[in-house]
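Just so we're aligned: 232 in full-length UniProt numbering is position 232 of the sequence shown, and the numbers increase by one with no gaps anywhere.
Positions of the beta carbon are idealized from the N, C-alpha and C atoms, including for glycine.
Here the structure is a predicted model, which is why all the values come from computation and not from measurement.
To start, the structure itself, in structure tokens.
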Amino acid sequence: MWVFESAGQVFSEITMEQEIVEQILDNLDQEVDLSEFTELLRFYLKHKIDLNTTDGKELRDLLFLSPLQVLGIIKHRHSTGAFLSVVELQAVEELDLQTAEMLLPFVTVRPRGNFRDLTWKELRGKTDQEAILRYGRVLEEQLGYTIEDANRSRYLGDPNRYMVRYRLNMADKVMLAVNMKKDAGEPFFREQQQFGFDHYGASLYVKGETTLKELIIGDYALQVGQGLVAWNGLSFGKGAMITTSARHAATIRPYTSMNEFNFLRGVAATLRWRDVEITPFASLRHLSGSVVETEGGTEIRSISLTGLHRTPTELRNRHQVRQLVTGANVYYNRRRLRLGAVALYSRYNGTIVPAAGLRNLYSFRGQQSTNVAVNYQFTLRNAYFFGEYAYQIDGDWATINGIIASLHPKVSVFANYRNYQKGYYAPLSQALGEGSRVTNERGVYSGISYRLARKVDWVSYVDIFRFPWLRYRVDAPSAGFDIFSQFTYSWYKKGNIALRYRYRVKQENSPDPRPERLLADIWRHQVRLNFQYKLSRHWEIRSRCETVSFQKEYRFDRGTLFFQDVFWTPQKLPFHLNMRMAMFHTDSYDARLYAFENDVLYASSFPLYNGKGWRSYANLRYRMTKQVDFWARYSVSSYRNVETVGSGLDRSDGAVRSEVKIQMRYRW
1 MWVFESAGQV
11 FSEITMEQEI
21 VEQILDNLDQ
31 EVDLSEFTEL
41 LRFYLKHKID
51 LNTTDGKELR
61 DLLFLSPLQV
71 LGIIKHRHST
81 GAFLSVVELQ
91 AVEELDLQTA
101 EMLLPFVTVR
111 PRGNFRDLTW
121 KELRGKTDQE
131 AILRYGRVLE
141 EQLGYTIEDA
151 NRSRYLGDPN
161 RYMVRYRLNM
171 ADKVMLAVNM
181 KKDAGEPFFR
191 EQQQFGFDHY
201 GASLYVKGET
211 TLKELIIGDY
221 ALQVGQGLVA
231 WNGLSFGKGA
241 MITTSARHAA
251 TIRPYTSMNE
261 FNFLRGVAAT
271 LRWRDVEITP
281 FASLRHLSGS
291 VVETEGGTEI
301 RSISLTGLHR
311 TPTELRNRHQ
321 VRQLVTGANV
331 YYNRRRLRLG
341 AVALYSRYNG
351 TIVPAAGLRN
361 LYSFRGQQST
371 NVAVNYQFTL
381 RNAYFFGEYA
391 YQIDGDWATI
401 NGIIASLHPK
411 VSVFANYRNY
421 QKGYYAPLSQ
431 ALGEGSRVTN
441 ERGVYSGISY
451 RLARKVDWVS
461 YVDIFRFPWL
471 RYRVDAPSAG
481 FDIFSQFTYS
491 WYKKGNIALR
501 YRYRVKQENS
511 PDPRPERLLA
521 DIWRHQVRLN
531 FQYKLSRHWE
541 IRSRCETVSF
551 QKEYRFDRGT
561 LFFQDVFWTP
571 QKLPFHLNMR
581 MAMFHTDSYD
591 ARLYAFENDV
601 LYASSFPLYN
611 GKGWRSYANL
621 RYRMTKQVDF
631 WARYSVSSYR
641 NVETVGSGLD
651 RSDGAVRSEV
661 KIQMRYRW
């Protein structure tokens with residue numbers, strides 16, 4: 001029999017978010033926008049998931065639950081009746097103690113109620129509102145702000161960053177989100193940007209109780225199947241958590257991130273008739289890109305993914321590409337079976353023309369594209385099967401299929417096979433793979449999660465992949481593999497120590513001019529030792545030592561990172577403080593290292609460590625009143641043996657780069 005303590009005794013809001021984000025993101029080796037995921041976690045910490053009404057969608061959003069565990073919770077409710085208390089989670093066979101305790105802060109059991117029966121006074125009592133203001137900037141003067149010559153590339157705005165966000169939630173049934181953002185270097189209420197912020201976004205979400213399941217007007221994310229046709233928003237690939245080997249599509253969700261590219265803008269709705277759900281959607285967006293008028297018509301040479309509009313060229317390309325997206329998705333749900341089909345049509349205001357070269361021989365060229373796909377999810381005893389097959393009309397195809405199986409309460413395995421043809425194109429696709437696009441790749445990805453003892457866990461995977469056609473800096477078909485293994489020893493509710501090894505081999509163009517030496521193998525070994533421990537209710541420490549070695553032909557580079565984190569939550573003072581001191585030494589950019597950093601609420605910080613020097617930051621949260629919170633963050637990097645930091649227009653004199661952020665939140 002398990003003994004559950006109250007969620008407030010075991011988890012604080014800050015600690016829970018940190019632990020889950022660290023588990024999900026520890027294996028990433030590039031900077032990503034975490035704001036969408038952290039906002040989702042914070043939302044469910046405050047607006048808990050009702051175990052008696054959820055269809056599993058909200059539970060899958062948490063990512064640390066496997067498909068078998070989500071289905072186990074739903075199956076338990078169907079077989080034994082409604083949950084009377086969250087303590088009943090101990091009776092769900094698929095849940096172990098550690099996972100159940102992670103789940104507790106996010107779930108509840110509440111009496112059934114009807115939104116339409118609420119009076120206006122009751123509705124106001126169930127309405128939450130939140131407004132956040134954020135300011136940030138790099139303190140050193142950068143080259144782009146000092147250029148006065150109008151004929152040269154330069155930043156037209158100031159180095160200040162501004163962000164405003166507003167949220168309204170009415171009984172979890174009606175939600176409104178508004179975002180406004182200005183990046184560093186972008187004009188603000190100037191001739192080049194008279195409307196103030198460079199980016200405005202908004203979404204209105206309505207959750208229905210009858211035929212209309214949900215409706216979104218404004219910005220939204222479309223997530224279907226395994227992402228071969230459409231997947232907006234944050235996604236995760238290979239990693240230390242077995243649950244990320246399969247995508248858990250939400251179909252549609254309001255898009256609330258500050259990311260300015262990866263979303264749709266228009267209207268989408270899900271209609272439900274018994275076991276069938278139909279989701280029509282439509283979107284019209286103006287993207288930034290290079291558009292050229294030729295004798296043959298309008299040509300789109302490139303589409304920008306950065307959302308930055310700082311220089312004359314970036315402003316000239318702003319909103320030049322018009323993208324129309326429309327289509328529909330259908331799901332059939334029947335207990336352990338879920339079948340889906342999607343059709344998506346996209347059209348641009350010009351012809352997409354890839355850059356010249358043999359590498360782009362099979363790249364998409366045209367003005368419109370139609371993609372169709374079917375997907376499935378099926379559970380048989382302790383095995384979860386999933387997959388998707390997609391086809392581009394007048395183009396090529398792509399498929400991914402996999403299985404997650406629980407062989408024993410302590411052992412889970414997974415495997416999937418992907419085959420993305422070199423001529424396949426889907427503008428909204430985002431699926432698991434080694435490459436950045438869903439095209440020109442075949443691979444087998446498999447792994448195991450094994451609880452060796454009560455306190456010892458082992459996770460390992462192998463990914464073997466091949467690229468049948470040419471790629472960037474790879475002028476021939478190539479192949480590679482990725483091996484990962486991690487042992488974790490945990491002290492119950494106190495901390496853990498983890499040892500990780502990762503070994504990757506890929507191929508790139510060889511510097512050797514001989515024709516028989518077209519490609520060279522790139523070897524990358526990475527070892528990480530991570531330690532975290534709660535010294536008391538008020539103090540926690542985290543330490544990491546990580547090294548990487550990079551080899552290409554006769555070149556051999558190393559990189560090393562060490563950091564120490566300290567977290568302090570005073571007992572009688574209304575603030576929380578965390579600090580880091582890091583030292584790094586890398587021989588080249590190829591030996592760079594990444595590490596997640598704590599930041600102000602909803603901000604994303606996942607920088608790379610490159611060069612030689614040290615980096616430090618301090619992050620403070622102060623609860624001024626019950627309704628008002630204040631954050632402040634200062635970070636500084638100091639490099640050895642350099643006269644400038646950064647490159648291009650971001651270059652600044654000196655060996656130091658520092659940044660400050662302040663943020664205020666008001667809730668009512």
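Contact between residue 422 and residue 354 fails: their C-beta atoms lie close to 13 Å from each other, not under 8 Å. For residue 97, the enclosing alpha helix (DSSP H) begins and ends at 97 to 103. A straight line joining the alpha-carbon of residue 219 with that of residue 301 spans about 26 Å.
Of all C-beta pairs linking the region 603 to 613 to the region 581 to 595, three or more are shorter than 8 Å, placing the two stretches in contact. At least 9 Å separates the beta-carbon of residue 69 from that of residue 36.
One thing to note: residue 457 has its Cβ within 9 Å of the Cβ of residue 451.
Partner residues in the beta bridge of residue 547, as assigned by DSSP, are 527, 560.
With contacts defined by Cβ atoms closer than 9 Å, residue 589 and residue 613 do not form a contacting pair. Taken atom to atom, the span from the alpha-carbon of residue 365 to that of residue 413 is near 40 Å. For the pair of segments examined, the region 190 to 207 was found not to touch the region 134 to 151: the number of CB pairs separated by less than 8 Å stays below three. Taking 9 Å as the cut-off, the Cβ atoms of residue 311 and residue 154 count as close. Taken through DSSP and simplified to helix, strand or coil, residue 74 comes out as helix.
Across the structure, residue 515 and residue 138 are spaced so that their CA atoms are roughly 47 Å apart.
The beta carbon of residue 438 is closer than 8 Å to those of 227, 228, 398, 420, 424, 426, 429, 430, 431 in its chain, skipping five residues each way along the sequence.
The DSSP-derived three-state label of residue 242 is helix.
If you ignore the 5 residues before and after residue 253, its C-beta comes within less than 6 Å of the C-beta of 221, all in its own chain and listed in chain order. In the DSSP assignment, residue 60 falls outside any beta strand (DSSP E) and lies within the alpha helix (DSSP H) extending over 57 to 61. Between the region 236 to 249 and the region 286 to 296, the count of C-beta pairs closer than 8 Å stays below three; the two stretches do not touch. The beta carbons of residue 610 and residue 584 sit closer together than 9 Å. Judged by their CB atoms, residue 233 and residue 281 are not nearer to each other than the 9 Å cut-off.
A straight-line Cα-Cα distance of about 41 Å links residue 664 and residue 349. Between residue 86 and residue 107, the gap from beta carbon to beta carbon is short of 9 Å.
Leaving aside the five residues that flank residue 497 on each side, the residues in its chain whose CB is nearer than 6 Å to its CB run, in chain order, 489, 531. For residue 83, DSSP assigns no beta-bridge partner whatsoever. Across the set 74, 212, 65, the C-alpha of 65 shows the shortest separation from the C-alpha of residue 98. Bounds of any alpha helix (DSSP H) do not take in residue 508; it lies within the beta strand (DSSP E) bounded by 495 to 509.
Per DSSP, the beta bridge partners of residue 552 are 522, 555. Straight-line measurement puts the Cα of residue 41 at about 25 Å from the Cα of residue 386.
In this structure, residue 500 lies near residue 240, with their beta-carbon atoms less than 9 Å apart.
In this structure, 375 is the residue among 375, 651, 661, 544 with its C-alpha nearest to the C-alpha of residue 230. With a cutoff of 9 Å on beta-carbon distance, residue 577 and residue 621 are scored as near each other. Cβ-Cβ separation between residue 416 and residue 401: approximately 6 Å, consistent with a contact (criterion under 8 Å).
In the DSSP assignment, residue 46 falls within the alpha helix (DSSP H) that extends over 35 to 46.
Assignment of residue 313 by DSSP, reduced to helix, strand and coil, places it in the helix class.
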